[in-house]
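Q: Please read through the structure below; I'll follow up with questions.
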Amino acid sequence: LLYSEDPIVFQNVINRLLVSDLEISATPVFEQQVKKTKSVPDLCISQSSYNIYFETKIEDWYYTDQIDRHLMDLSQYKNSNNILFLLCNFDNDDYESRFTKEVEIARNYDVQLRPVSFEDLIETLESECVKLDNAFLSVLQDFRVFLEKGNYLALWRNRLDVVNCGGTSGEIELGFYACPDKTGSY
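Following this note's numbering, the numbering of the sequence shown begins with -12 at its first residue and continues without gaps.
The structure is reproduced here in structure tokens:
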């Protein structure tokens, strides 16, 4: 949907998610009278090749064998930019270091492996797609609501839960607090 809306925005989203020196080009390049190896065509229309795989999980239960099979499959495409995104609701902020071994394996296959959280994806889409028409922005809003309702965005990272603990200081000192199930403001 994003590519059909605007290939340049699609290209920008993918390149921003990569956070690396690799960049894909999603649009053709037009050249006139450019000397090639053995000829000078009047017009040359070319486009770089890329293959992008996404492996999506609700929770972080990726395993090396599955990732390795994706990498082997992607490595078949020679002379191409090959990318594997691992999209997930990661339960910590340092999810990139969790895949250090897999990133190194991917590098040996000449594949770019990039873990991406749902937060990364939605933030990138929202920042790059602001100039698109209302139809795509409406779908993007629906996508955010879907991610929020499914608890795929770690909104807890930005929230502080404050509990009235005035009468339970002894329990708190022991590292325990239980919300009363009767009386009180609850």
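All C-beta atoms, glycine included, are put in the ideal place defined by N, C-alpha and C.
Compare the Cα-Cα distances from Leu73 to each of Ala13, Ser67, Phe130 and Asp55 and report the closest residue.
A: Comparing Cα-Cα distances from Leu73 to each of Ala13, Ser67, Phe130 and Asp55, the minimum goes to Asp55.
Q: Is it true that the segment 100 to 108 meets the segment 65 to 72, where meeting means three or more beta-carbon pairs spaced less than 8 Å apart?
A: The segment 100 to 108, when compared against the segment 65 to 72, does touch it at the 8 Å Cβ threshold.
Q: Spell out the partners DSSP gives Phe77 in its beta bridges.
A: According to DSSP, Phe77 bridges with nothing at all.
Q: Specify the secondary structure class of Gln53 as computed by DSSP and reduced to three states.
A: Reduced to three states, the DSSP call for Gln53 is helix.
Q: Is it buried or exposed for Asn68, if we count other Cβ within 10 angstroms and need 16 for buried?
A: Asn68 comes out buried.
Q: In this structure, does DSSP put Thr136 in helix, strand or coil?
A: As written in the sequence, residue 136 is Lys, which differs from the Thr given in the question. The answer is helix: DSSP assigns Lys136 an H, G or I state.
Q: Excluding the 5 residues preceding and the 5 following Thr111 in the sequence, name in chain order all residues of the same chain whose CB lies nearer than 6 Å to its CB.
A: Contacts found: Val0, Arg3 and Leu4.
Q: According to the neighbour-count rule (16 or more other Cβ atoms, all chains shown, within 10 Å of its Cβ), is Phe86 buried or exposed?
A: So Phe86 counts as buried.
Q: Between the Cα of Leu20 and those of Thr14, Ala13, Asp29 and Ser12, spot the shortest distance and give me the residue it belongs to.
A: First, the residue type needs correcting, since residue 20 is Gln and not Leu in the sequence shown. Of Thr14, Ala13, Asp29 and Ser12, the residue nearest in Cα terms is Asp29.
Q: Check the DSSP bridge columns for Pro180 and list the partner residues they point to.
A: Absent from the structure is residue 180, since the part of the chain shown begins at -12 and ends at 173.
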